[in-house]
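**Student:** Heads up: the sequence shown begins at 993 in our numbering, then just goes up one per residue.
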Amino acid sequence: MFDLKKADPEATKKLAQVAAEGKLAHAYLFAGLNEKTSLITALWLACYVNCLGQDKPDSTCNHCLRILRGDFPDVVRVEPQGNTLSINLIRPLKEELAKSPDESDLRVFIIEQAEKLTQSAANAMLNLLEEPVAPVVTILITNNRAQILPTIRSRTQIVNFKGTAQDELLNYGLSSAELESIGQLDQLNQEAHYLYQELLAHDQLSLMRVHSLASLVKNKAEEKVVFIRLKQECEQAIQAGKDVNQNTKLLVLLLKVDQMLYSNVNMRNCLDYLVLKLK
Ligand SMILES: [Zn+2]
């Protein structure tokens, strides 16, 4: 059985707070390298909103016990079959929503290894997230957020599970081999941070920064780190409600840049593109 004490303390603190204010989002993306922690945190939330006891979630009331056993009809866990999450696994959720909840006021859907959604399943998922016809919280769990469709990501509230700086990079799609080839992580982080600030401030210095960054970066993996850091800065700012318009604009440009890098446009040109487009 799952031990709710192993849920992520930072995430549960925040979720408890928004749940108490009645402001839970319709959909969350739990992103962290340790999927077990993410799953337990998702179950923690399912228990929290359904617990019959005083000290929620107590893990001991009838509802909590059944949720943890996988025997509570309003909490549905979906796991990949074989190596994919096919549409056949997602479609029943929609049917489920058409009925009224069996025993609770709020359903919880937990989708494990969401990076394994097939294209058609991802579309069905989008559909589900777009029109929440009934009270439901959908939690997508992933250890590789880079593989989640941007359209799905944008409809979910992202909860990051803190790992080390290295863990975070893996979570953004860097391979372990790439991680090992990075020789100057701290310096890259710092330069990317300055560039981010200068970009948002439309500071002329950003052009010089682009120049120095392009000569600092030694390989493809280091290049990726710079763009991952920029994305992280935007996402964190958006979540904190800071400069949302500007950060959203930059984030959209960064997704465009991902495609440019993929088609072998060099880093210098990609960075120049960002500076130019943000002017
Ligand atoms: Zn309980």
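Built from N, CA and C at the ideal position, the CB exists for glycine as well. The structure presented is a predicted model; accordingly, all values stated were derived computationally and were not measured.
Are there any heavy atoms of ligand 1 lying less than 7 Å away from the beta-carbon of Gly1045, as far as the coordinates show?
**Tutor:** Position 53 of the sequence shown, counted from the start, is the residue given in the question as residue 1045. Gly1045 Cβ: within cutoff of ligand 1.
**Student:** Can at least three beta-carbon pairs, one atom from the stretch 1064–1081 and one from the stretch 1043–1050, be found at a separation below 8 Å?
**Tutor:** Verdict: no, contact absent.
**Student:** Can you give the Cα-Cα distance for Met1117 and Ser1173, rounded to whole angstroms?
**Tutor:** The residue you call residue 1117 lines up with position 125 of the sequence shown. The residue you call residue 1173 lines up with position 181 of the sequence shown. If I take the Cα positions, the gap works out to 36 Å.
**Student:** First and last residue of the alpha helix (DSSP H) that includes Val1244?
**Tutor:** Reading the sequence shown from its first residue, position 252 is the one you call residue 1244. Start and end: 1236–1254.
**Student:** Rounded to whole angstroms, what is the Cα-Cα separation between Glu1104 and Ala1038?
**Tutor:** Against the sequence shown, residue 1104 aligns to sequence position 112. Against the sequence shown, residue 1038 aligns to sequence position 46. Glu1104 and Ala1038: Cα-Cα distance of roughly 14 Å.
**Student:** Taking 6 Å as the limit between beta carbons, can you name the residues of its chain near Leu1098, skipping five residues before and five after?
**Tutor:** Locating residue 1098 in the sequence shown gives position 106, counting from the first residue. Here the set comprises Val1041, Pro1127.
**Student:** Report the rounded CA-to-CA distance for Ala1011 versus Asn1152, giving the unit in angstroms.
**Tutor:** Position 19 of the sequence shown holds residue 1011. Position 160 of the sequence shown holds residue 1152. Straight-line Cα distance between these residues: approximately 18 Å.
**Student:** To the nearest angstrom, report how far apart Leu1021 and Thr1004 are at their CA atoms.
**Tutor:** Numbered from its first residue, the sequence shown carries residue 1021 at position 29. Numbered from its first residue, the sequence shown carries residue 1004 at position 12. Going by the C-alpha atoms only, they are around 14 Å apart.
**Student:** Over what stretch of residues does the beta strand (DSSP E) that includes Arg1083 continue unbroken?
**Tutor:** Locating residue 1083 in the sequence shown gives position 91, where the first residue counts as 1. Counting along the chain, Arg1083 falls outside any beta strand (DSSP E), though it belongs to the alpha helix (DSSP H) covering 1079–1090.
**Student:** With a threshold of 16 other CB atoms inside 10 Å of the CB of Glu1214, please say whether the residue is buried or exposed.
**Tutor:** Position 222 of the sequence shown, counting from 1, holds the residue named residue 1214. Buried.
**Student:** On the three-state DSSP scale, how would you describe Ala1019?
**Tutor:** For the purposes of this step, residue 1019 is identified with residue 27 of the sequence shown, where counting begins at 1. Strand at Ala1019.
**Student:** Can you tell me whether Thr1134 is helix, strand or coil according to DSSP?
**Tutor:** On the sequence shown, position 142 is the one that residue 1134 refers to. In this structure, Thr1134 counts as strand in the three-state DSSP scheme.
**Student:** Report yes or no: do three or more beta-carbon pairs, one from the stretch 1157–1175 and one from the stretch 1015–1031, lie closer than 8 Å?
**Tutor:** Segments in contact, yes.
**Student:** Of the choices Leu1191, Ser1112, Gly1165, Leu1081, whose alpha-carbon is the least far from that of Thr1134?
**Tutor:** Here the question's residue 1134 lines up with position 142 in the sequence shown. Considering only alpha carbons, the answer is Gly1165.
**Student:** For the beta strand (DSSP E) that Arg1147 lies in, which residues bound it at each end?
**Tutor:** For the purposes of this step, residue 1147 is taken as residue 155 along the sequence shown, with counting starting at 1. Premise fails: Arg1147 is in no beta strand (DSSP E) and is neither H nor E.
**Student:** Pull up the DSSP beta-bridge partners for Leu1098, would you.
**Tutor:** Position 106 of the sequence shown, counted from the first residue, corresponds to residue 1098. Answer is none; Leu1098 lacks a bridge partner.
**Student:** Using a Cβ-based criterion (distance less than 7 Å to any ligand heavy atom), does His1185 qualify as near ligand 1?
**Tutor:** In the sequence shown, residue 1185 corresponds to position 193, counting from 1. Not under cutoff, so the answer is no.
**Student:** Which of the three DSSP states is assigned to Gln1111 in this structure?
**Tutor:** Translated into positions along the sequence shown, residue 1111 becomes position 119. Looking at Gln1111 - three-state DSSP - the assignment turns out to be helix.
**Student:** Can you check which of these residues, Val1129, Arg1221, Cys1056, is closest to Lys1086 by C-alpha distance?
**Tutor:** On the sequence shown, residue 1086 is found 94 positions in, with the first residue counted as 1. Selected option, being the one with the closest Cα: Val1129.
**Student:** Tell me whether Pro1049 counts as near ligand 1, meaning its Cβ is closer than 7 Å to at least one heavy atom of that ligand.
**Tutor:** Counting from 1 along the sequence shown, the entry for residue 1049 is found at position 57. Because some heavy atom of ligand 1 lies under 7 Å away, the Cβ of Pro1049 counts as near it: yes.
**Student:** Kindly list the residues whose CB is nearer than 8 Å to the CB of Pro1142, restricted to its own chain and excluding five residues on each side of it in sequence; keep chain order.
**Tutor:** Working through the sequence shown from its first residue, we reach residue 1142 at position 150. Excluding sequence neighbours, Pro1142 sits near Leu1247.
**Student:** Excluding sequence positions up to five away, which residues of its chain have a Cβ less than 6 Å from the Cβ of Lys1223?
**Tutor:** To locate residue 1223, count along the sequence shown from 1; it is residue 231. Leu1246, listed in sequence order.
**Student:** Note the first and the last residue of the continuous alpha helix (DSSP H) segment covering Val1267.
**Tutor:** Reading the sequence shown from its first residue, position 275 is the one you call residue 1267. That run of the alpha helix (DSSP H) goes 1259–1270.
**Student:** So, for Ala1034: in the same chain, excluding its five sequence neighbours on each side, which residues have a beta-carbon less than 7 Å away from its beta-carbon?
**Tutor:** Along the sequence shown, one-based indexing puts residue 1034 at 42. Taken in chain order, the residues that qualify are Phe1022, Ile1102, Ile1131, Ile1133.
**Student:** Between which two residues does the beta strand (DSSP E) harbouring Val1067 extend?
**Tutor:** Taking the sequence shown and counting its residues from 1, one reaches residue 1067 at position 75. From DSSP, the beta strand (DSSP E) with Val1067 extends over 1067–1070.
**Student:** Please say whether Glu1183 and Val1205 have beta carbons closer to each other than 8 Å?
**Tutor:** The count along the sequence shown starts at 1 and reaches residue 1205 at position 213. The count along the sequence shown starts at 1 and reaches residue 1183 at position 191. The amino acid occupying residue 1205 in the given sequence is Leu; Val does not appear at that position. Taking 8 Å as the Cβ cut-off, Leu1205 and Glu1183 qualify as a contacting pair.
**Student:** Quick one: give me the first and last residue of the alpha helix (DSSP H) that Glu1160 is part of.
**Tutor:** The residue you call residue 1160 lines up with position 168 of the sequence shown. Note, Glu1160: alpha helix (DSSP H), 1157–1163.
**Student:** Excluding the 5 residues preceding and the 5 following Leu1171 in the sequence, name in chain order all residues of the same chain whose CB lies nearer than 8 Å to its CB.
**Tutor:** Stepping through the sequence shown from its first residue, residue 1171 is reached at position 179. Within the same chain, Leu1171 has close Cβ partners Gln1158, Leu1161, Leu1162, Ala1213.
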